[in-house]
Structures are given as structure tokens and as C-alpha cells.
Amino acid sequence: MTTIVWFRRDLRLADHSPLRMACERGGPVLPLFIWDPTRTPWATGAASRVWLHHSLHALAQSLEALGSRVLLRIGPPEAVLAALAEETRATALVFNRRLEPAERELEARIARRLGSRLDIETGGDAVLIDPAALHTAERQPYRVFTPFWRRLREVCRPPSPASPPRRLVAPATWPAGATLADLGLLPRLGWDRGITDSWQIGERAAAQRLDAFVADGAADYAVQRDFPGVDGVSRLSPHLHFGEVSPRQVWHAVAAHAAAQGQMTVPETHVAWLRQLVWREFAQHLLAHFPATTDAPLREDFAHFPWVEDPDGLARWQRGETGFPIVDAGMRELWHTGWMHNRVRMIVASFLTKDLGVHWLAGARWFWDTLVDADLANNTLGWQWTAGCGADAAPYFRVFNPILQSTRFDPEGSYLRRWLPALARLPAADIHAPWQAPPLTLAAAGVRLGVDYPAPMLDHGAARTAALARLKRAQP
DNA sequence: TGAAATGTTGGGGCG
DNA sequence: ACGCCCCAACATTTC
0 MTTIVWFRRD
10 LRLADHSPLR
20 MACERGGPVL
30 PLFIWDPTRT
40 PWATGAASRV
50 WLHHSLHALA
60 QSLEALGSRV
70 LLRIGPPEAV
80 LAALAEETRA
90 TALVFNRRLE
100 PAERELEARI
110 ARRLGSRLDI
120 ETGGDAVLID
130 PAALHTAERQ
140 PYRVFTPFWR
150 RLREVCRPPS
160 PASPPRRLVA
170 PATWPAGATL
180 ADLGLLPRLG
190 WDRGITDSWQ
200 IGERAAAQRL
210 DAFVADGAAD
220 YAVQRDFPGV
230 DGVSRLSPHL
240 HFGEVSPRQV
250 WHAVAAHAAA
260 QGQMTVPETH
270 VAWLRQLVWR
280 EFAQHLLAHF
290 PATTDAPLRE
300 DFAHFPWVED
310 PDGLARWQRG
320 ETGFPIVDAG
330 MRELWHTGWM
340 HNRVRMIVAS
350 FLTKDLGVHW
360 LAGARWFWDT
370 LVDADLANNT
380 LGWQWTAGCG
390 ADAAPYFRVF
400 NPILQSTRFD
410 PEGSYLRRWL
420 PALARLPAAD
430 IHAPWQAPPL
440 TLAAAGVRLG
450 VDYPAPMLDH
460 GAARTAALAR
470 LKRAQP
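According to numbering that gives the first Met the number 0, the first sequence is numbered sequentially starting from 0.
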């Protein structure tokens, strides 16, 4: 009668459909997490592994508080599940579906291999609304965000989140499993301090962050969200990626906040933030409909685009040594914390794909390895959007000016100073483009260009012209 | 969720 | 007083 609950990117107990299904079936519940080190492509990146380690630790503690555990196993999921079903004489398997191409193929293999032996039931907690349930009047998938958003607001009525189970029936005997350390998720060299210092990981921390932001931060989100030097965004993305909180819970937290203030609808102040949650939804739907876009451009006219081969440029971008402060600050924030403000993500992505002309996949792979919120759907959408080859993509001529963006969105230079201490003593007027600062100002601030901080690696005006020429040629 | 080039307007300095 | 020019501010077009 045992039901296996296979945890994937849904590392929480509240509002967890498979867990609820398992409880309703009665009988023992066997929570399971599988780590597959052989997994390719888009194997979990290094920063994400750090997060995963701590999130699994938190999940294990929560389950222990319910008199249960999480069983850890290592290997290809279909083999692990088959062996475990055999060992435990389990009768059912429940899990949440995922929308990434490799995960959907995996689910299909599991259904073929185990469907006759196990009662398999799945949940769709990864999204607010199933991709098949939201389409244009011509029954096509949406490729443009705004109509997607409008339609979703009309039809999407996600059910109220479920409470976590109060207790779980444990199996009579626990099968042998791996320890968390056996998974080898933490790096040998201790570079993960920046991540663990920057984040509280796990379901409880996610709930606290959500509650705090809905109560205090969301009202100012529309105006604050573009300023990376201001604490104006929720930073919920890694929690959402690992399913420490579900999109449904976010949706309802906003609605509940409105109701508590006597409003029937979502307050206008919070709409801008929900809109971002729906960008995540849009990305998931796009990936479900266009699975090849993780590695190939959605727009066919980009199939043979002349990307520039520039390993040195790529390396300088990765290390935050381009000489453009806003770009370097972003790349250093990423390296240190595993996260980057979204405005700055757009700026650095534009710099890589337009100024340097480097293939968007190189950027996508770097983000994949270094972001704690690395999410295949979001990452694919974001990079293709910036490069101009994706859904609802930026028009080819949209090239961010890193100096202008910096002056506009970090006018005092507070973000730059935080991540580029070498420039901290420069006045606001000179910090965005230090190579244009008067020599006396540089000297007074203790900045020797090329020594304390790099000289700019290129001329943005010339790079922009070259990018426009490349891009214009690629247009249909 | 862009930026630069180009066009237009109107206030103010100045001869 | 008047016309001229400059240029900031804003609008429009173009890439």
C-alpha cells in the first residue's frame, strides 16, 4: 500500500499536490529525492547544487518533524524508481510534472516502464495553469507576453493552496538510502560561502520572504524594481525555482493581502509584481511548446547568425573585468551571491550578445552554472529575448548603453560601489564611466585605470554600430 | 523592458 | 523694440 512521493523541483510540504494525493490514498508514504549525476544536458549547475543541498537539508528536517524522512537515492530516476518499487512493494508513485524537455521525456519513460506495475498519479504544481489550457483564439501558443498576460488574468483561477500534512504514515522499515553528503552537491573548494551568507534556504525561509514582501515591499515594486542599488525586489526566484514556494501560493498571498484590506481584486500596487510572476509562467509555457529553444533560436532567421568567437572577451565578461562598471558589478554580484538583479541581467546580457557579439548560449551556460535561481525556462526566454531571436524578443536594434543604463538606474552609484570597491571613492558623476573622469578626480579617488580597475575593453559606440550591422543583415 | 539622430518649439541673451 | 541666435527641452523618426 506504500505510496512513493517523488520530490523534484517542489521541495516543500505545503501546497504540494503529490503529498496530498499520497495522504488521501492512505497507507505508508515514502518521500524520495533522486540525484542523477549522469544527467545531461543542462545538468544542475554548481550554484544550484549548493542551493539544492541546503534545501534538501531543510526538507529532511521538516519531514522529520512529521515523523517521516526523505529517502535519498542516486542514479537515473527510472532505474531508481523501478528498484525502489521492487524493494518496498510500493503500489503507487506520485510526483509533480515538469515542463523541461528532458524531464518530460523522463516522465514518458517512467510511465512506459512502471505504468503497469505502479499506480502513477501526477500533479501540475509547477505552473498556475496548464500550458494546454491557455492558447490564442487560433488555438496557437502565445508568443507575445502582453496578450498572454491579459488572457491569463481573465481565465486563471488557481485553487487555494493546501496546508501541509499534519502527520505522515512512515513505512514499516525505511529502505537504505544515501546521505546528503553522498550526493556531493557542495564544492570541494569553499567558494559557496558567498551564497550561504546571502540566503536563507528552504520552505520556511521562502514563506517568510513571501509574507514580508507582500506586506511591505510589493506596494513599491513598480517604482523600485528597476534600481539594483535599492532593496526593491522580492528575491523569491530561487525559492520558486526549487519549489520551496509554489506560484499558486504567491498568487494567493497577494489575493489574501488584498482581501485583508477589504479589496476584492488584486491592488494595482501589486499587479506589477504579479506580472513578473506571470513572465515566469510565460517562460514555462514557451518551453513546453517549443522544447528545442533551450539550444536553438526560436526565430529561424537566426539559425545562421554570425556570432563572434571571442573566448577572451567571454572570460572578461565572466570575471567582471570589462571595464564597464555596471556590467562588472553585475557579474561580481552573480559570482558572489549566485543572483543578479534583473535590470542588470538585461544590461550584461545585452553587452555579451550585442557589444561582444558572443553567442547567447555562452551567456546562458554561464548563468546556468552560477545562478542559484537558474531555471531552464526563464534562462532560455531571457537570453533569447535579449539576443533578439526568441519570443516577444527585443527588436534587433535595441542595444543597451551600459553607461546610460547605469546613470539612469543607479544614479548615485550605490550598486556600483557595493560590488566594485575599487571605485567606491569616485563621485557619482564619474563612477559610471571612470575612463571619462578627469585625471585629478581619479587620482583623488585612488583609482589607477588598468591597475585598480580595468580600462574599458571596447568602445560602446563602435560596438553598437557593428552589432547593428550584423543584426540588420540577419533580418528576414 | 533602448538609444541616437533628427526635428520642433520657445525662452532668453544680446546687438 | 526687434530680430537673431543659441540651446535646452521635448517630440519624432530611425536604426
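For every residue, glycine included, the Cβ atom is placed at its ideal position computed from N, Cα and C.
### Query
Is residue 381 helix, strand or coil by DSSP?
In the first sequence, residue 381 corresponds to position 382, counting from 1. Looking at residue 381 - three-state DSSP - the assignment turns out to be helix.
### Query
Looking at the unbroken alpha helix (DSSP H) that takes in residue 100, where does it start and where does it end?
Within the first sequence, numbered from 1, the residue matching residue 100 stands at position 101. Start and end: 100–113.
### Query
When you compare each of 239, 229, 178, 396 to residue 474 by their alpha carbons, which one comes out closest?
In the first sequence, residue 474 corresponds to position 475, counting from 1. Among 239, 229, 178, 396, the Cα nearest to that of residue 474 is on 396.
### Query
Would you report the Cα separation of residue 425 and residue 434, rounded to the nearest angstrom?
Numbered from 1 along the first sequence, position 426 holds the residue referred to as residue 425. Numbered from 1 along the first sequence, position 435 holds the residue referred to as residue 434. When rounded, the distance between both Cα atoms is 12 Å.
### Query
Closest by CA to residue 146, which one among 340, 133, 315, 185?
Taking the first residue of the first sequence as 1, we reach residue 146 at position 147. When each option's Cα is compared against that of residue 146, the closest is 133.
### Query
So, is residue 349 buried or exposed, given that buried needs 16 or more other C-beta atoms within 10 angstroms?
Taking the first residue of the first sequence as position 1, residue 349 is located at position 350. It counts as buried.
### Task
Select from 391, 386, 392, 432 the residue whose C-alpha is nearest the C-alpha of residue 403.
As a first step, residue 403 must be located in the first sequence, where it is residue number 404. When only C-alpha atoms are compared, the closest one is 432.
### Task
Could you work out which residue in 282, 310, 307 is closest to residue 297 when comparing CA atoms only?
Sequence index remark: in the first sequence, residue 297 carries index 298 (1-based). Of the listed residues, the one whose Cα sits closest to residue 297 is 282.
### Task
Buried or exposed for residue 379, please, with buried defined as at least 16 other CB atoms from any protein chain shown within 10 angstroms of its CB.
Position 380 of the first sequence holds residue 379. Buried.
### Message
In this structure, how does DSSP classify residue 452 when only helix, strand and coil are distinguished?
### Response
As a first step, residue 452 is located in the first sequence; it is residue number 453 there, counting from the start. Here residue 452 sits in strand by DSSP.
### Query
So which of 398, 230, 159, 455 has the shortest CA-CA distance to residue 413?
For this step, residue 413 is matched to residue 414 along the first sequence. Out of 398, 230, 159, 455, 230 has the C-alpha closest to the C-alpha of residue 413.
### Task
Use the C-beta contact count for residue 213: other C-beta atoms within 10 angstroms, 16 or more gives buried, fewer gives exposed.
For the purposes of this step, residue 213 is taken as the residue at position 214 of the first sequence. Under this definition residue 213 is a buried residue.
### Message
To the nearest angstrom, how far is the alpha carbon of residue 111 from that of residue 41?
### Response
Locating residue 111 in the first sequence gives position 112, where the first residue counts as 1. Locating residue 41 in the first sequence gives position 42, where the first residue counts as 1. Roughly 24 Å between the two C-alpha positions.
### Query
Just to confirm, are residue 58 and residue 10 a CB contact at a threshold of 7 Å?
Here residue 58 is taken as the residue at index 59 of the first sequence, counted from 1. Here residue 10 is taken as the residue at index 11 of the first sequence, counted from 1. Yes, these two residues count as a Cβ contact at 7 Å.
### Query
Which whole-angstrom value describes the C-beta separation of residue 251 and residue 160, a residue pair presumed to lie in contact below a C-beta threshold of 8 Å?
Position 252 of the first sequence, counted from the start, is the residue given in the question as residue 251. Position 161 of the first sequence, counted from the start, is the residue given in the question as residue 160. That belief holds up - the Cβ atoms of residue 251 and residue 160 are roughly 6 Å apart, short of 8 Å.
### Message
Looking only at its chain, what residues have a beta carbon closer than 6 Å to the beta carbon of residue 224, apart from the 5 residues adjacent to it on each side?
### Response
The count along the first sequence starts at 1 and reaches residue 224 at position 225. Closer than 6 Å at the Cβ level, and outside the excluded window around residue 224, lie 231, 232.
### Message
Measuring CB atoms only, is the segment 331–339 touching the segment 362–371, in the sense that at least three cross pairs come out at less than 8 Å?
### Response
yes
### Task
Work out the CA separation of residue 472 and residue 198 for me, nearest whole Å.
Position 199 of the first sequence holds residue 198. Position 473 of the first sequence holds residue 472. C-alpha separation (whole angstroms): 45 Å.
### Query
Assuming residue 357 and residue 306 make a contact with CB atoms under 8 Å, what is their CB distance in whole Å?
Residue mapping note: residue 357 aligns to position 358 of the first sequence, counting from 1. Residue mapping note: residue 306 aligns to position 307 of the first sequence, counting from 1. Correct: roughly 6 Å between the Cβ atoms.
### Task
Give the single residue among 333, 76, 101, 152 whose Cα lies nearest to the Cα of residue 290.
For this step, residue 290 is matched to residue 291 along the first sequence. Checked all of 333, 76, 101, 152; the closest Cα to residue 290 is 101.
### Message
Are the CB atoms of residue 332 and residue 418 within a distance shorter than 7 Å?
### Response
Taking the first sequence and counting its residues from 1, one reaches residue 418 at position 419. Taking the first sequence and counting its residues from 1, one reaches residue 332 at position 333. In this structure, residue 332 lies closer than 7 Å to residue 418 by Cβ.
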